[in-house]
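Q:
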Amino acid sequence: MLQSNYTKREFLKLLGTGSLGIFFMSFYSFDDFLDDDLIILTKDDEKYNQYRKSFNKRIEKFPKIIAVCKSETGIKKAIVLANEKKLKIAIRSGGHSFEGFSNVDNGLLIHLGLMNKITWLQENKVKLQPACLLQEIYANFLPKKRIIPAGSCGTVAIGGLTLGGGYGFFSRKYGLTCDNLLRVKMIDYKGNTIDSDKDPDLLWACKGGGNGNFGVVTELHFKTYPVPQSFSGYRMKFTNLTSDKFVKLIRLWFQATEKLPKEAFSAFVLNGKFLTILFTNFAVNQTDFEKIFSSLIPLSNDYKPMKNRNLAAALKNYYGVTEPIYFKNSSAGLYTGIEDIEKGLEDIFAKVVASKGMIYQINTLGGKINEVKASDSAYPHRDINYLSELQAYWDLPSQEEKLTKSFEEIQQLLRNIGNIKQYRNYPDINFPDANNAYFGNNLARLQQLKKKYDPNNLFDYPQVIK
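Residues in the sequence shown are numbered from 16 upward in steps of one, following the numbering used here.
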């Protein structure tokens, strides 16, 4: 796999006697090194594009080197190479970054896709490597009757999800994915392993502020929870929307979601003149749950309750697409309630309806998430009850310009009515003062930790903490 750009002699020299003073065991042959630790790919390698491409076909980046790492030793060797060649590093666990931050032009991509091992430490504690996909985690956890509060997209990896926050159906009961992080290990810019058991700053930073900012996370330890005894979903569809009807429905939805138990989740999804509202619930006693949103049911064109479902089968319904697609998605504001967007409802509806392929979605937060102090983790938004997202999808590159222009117009509308807080896992390259939007009052501490863990900014991307 190694191309002639780097001879065996040159590469072994870099890895054994580089200027960083990192020494590796010399009894490895070169072939053993490639097999056991990592694969180096350059642009003329036949597998280069396989590892280069990400989930978002809109964004194309071309690293000078891709280091497909199989172990911590492989990561350390890749970091030595990046330092010697003066290349910036991007880190990829699953490749789902909305803005392609898990890749880099003319730098070195540390690709962790082969590091996906699941190790149970105790009945309720587990160690995950960063590239474990959610669908793999659920397939492993559910037969053991355990869960963690994570997302629903099956091909998202646990590394990026956790380091930026992470939420899903179980988060109102058990907190964000990162809230359940017990320990992490990370390799820094010198190739040193840092253990959060000895450096608690690292654990704090990785609870929502760690995406590619400080180093390469190699282990994530989590506490887990018993699988719920039941899981039910309730889906409503509304068609032939008008602006007035939309405003009425969103008001009713906000009123209903204020009453949700911690075991419940809801999403409000506007797709053109078509609206879908989803409620889920895993509380044992669900007899009165439908009363919470009873005002919405008679207004729907199609109401489908799916009660007491098998959890594994239910989760697969939400895994989403598995192949790369053209899209532009991002956070569209964090809300305490409808008052945060009330002034812009008619304009939001008009702009979304006018743009084929555009989706405006609001998801419920709150519950256990808001029981953590804002200063106790890098994720700061502990007074927020709703997370919104804007999504645009298209089939052909020629459709991109029109949709992304409409996308930015809607984002500007939301900013104009005061929505400036954003969720780091749903970035937008056009957010003004992005890191303040993501981290608020926690940004200053994160900036100090950047100086501590990566003072030379080896790990870099357009919205890296500085």
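Glycine included, every Cβ here is placed at the ideal spot set by N, Cα and C.
List the endpoints of the continuous alpha helix (DSSP H) containing C221.
A: Its alpha helix (DSSP H) spans residues P215 to C221.
Q: If you run the structure through DSSP and keep just helix, strand and coil, what is T177?
A: Three-state result, T177: helix.
Q: Quick one: any contact between the stretch 142 to 157 and the stretch 340 to 352, if contact means 3 or more CB pairs under 8 Å?
A: The stretch 142 to 157 vs the stretch 340 to 352: no contact.
Q: Express the C-alpha separation of N228 and V479 in angstroms, rounding to a whole number.
A: So the alpha carbons of these two residues sit roughly 6 Å apart.
Q: Determine contact between the stretch 287 to 299 and the stretch 249 to 258, defined as no fewer than three beta-carbon pairs at a distance below 8 Å.
A: Verdict: yes, contact present.
Q: Quick check on this structure: which residue in A172, L326, R161 and K277 has the alpha carbon closest to the alpha carbon of N515?
A: Residue 515 is absent from the model: the chain starts at 16 and stops at 481.
Q: What does DSSP give as the partner residue(s) for T208 in the beta ladder?
A: Answer is I202.
Q: With distances taken between CB atoms, is the gap from V232 to G174 smaller than 8 Å?
A: Contact: yes.
Q: Which two residues bound the contiguous beta strand (DSSP E) that contains K238?
A: It spans V231 to K238 - the beta strand (DSSP E) in which K238 sits, taken as one unbroken run.
Q: Could you spell out where the alpha helix (DSSP H) holding I152 opens and where it closes?
A: First-last of the alpha helix (DSSP H) with I152: L149 to F156.
Q: State whether the stretch 62 to 74 contacts the stretch 206 to 221, with contact taken as three or more CB pairs (one from each stretch) at a distance under 8 Å.
A: These segments do not touch.
Q: Evaluate E273 with the Cβ neighbour count: other Cβ atoms within 10 Å of its Cβ, from every protein chain shown; 16 or more gives buried, anything less gives exposed.
A: Result: exposed.
Q: Once the 5 residues before and after I307 are set aside, which same chain residues still bring their CB inside 6 Å of it?
A: For I307, where only same-chain residues beyond five positions count, the Cβ hits under 6 Å are A271 and K274.
Q: Suppose the cutoff is 6 Å on Cβ atoms and the five residues either side in sequence are ignored; what does the same chain contact list for V171 look like?
A: Only G109, H111 and L149 meet the Cβ criterion.
Q: Helix, strand or coil for D469, going by three-state DSSP, please let me know.
A: Three-state DSSP puts D469 in coil, outside helix and strand.
Q: Output yes or no for whether 8 Å exceeds the beta carbon distance between D362 and L264.
A: No, the Cβ-Cβ distance between D362 and L264 is not below 8 Å.
Q: For A146 and L129, I'd like the C-alpha separation in whole angstroms.
A: For A146 and L129, the distance between alpha carbons rounds to 7 Å.
Q: How big is the Cα-Cα spacing for Q406 and K103?
A: Taking the straight line from one Cα to the other gives about 30 Å.
Q: Taking DSSP as the reference, what is the three-state secondary structure of S421?
A: Three-state result, S421: helix.
Q: My understanding is that G76 touches G115, with C-beta atoms under 8 Å, so please give their C-beta distance in whole angstroms.
A: Checking the sequence shown, residue 76 turns out to be Lys, not Gly. Indeed they touch by this definition, with Cβ atoms about 6 Å apart.
Q: Using CA coordinates, which residue listed in T57, I55 and M321 is at the minimum distance from N296?
A: Out of T57, I55 and M321, M321 has the C-alpha closest to the C-alpha of N296.
Q: So, at 8 Å on beta carbons, what are the nonlocal neighbours of P241 in its own chain, with the 5 sequence-adjacent residues on each side left out?
A: For P241, where only same-chain residues beyond five positions count, the Cβ hits under 8 Å are K160, R161 and I162.
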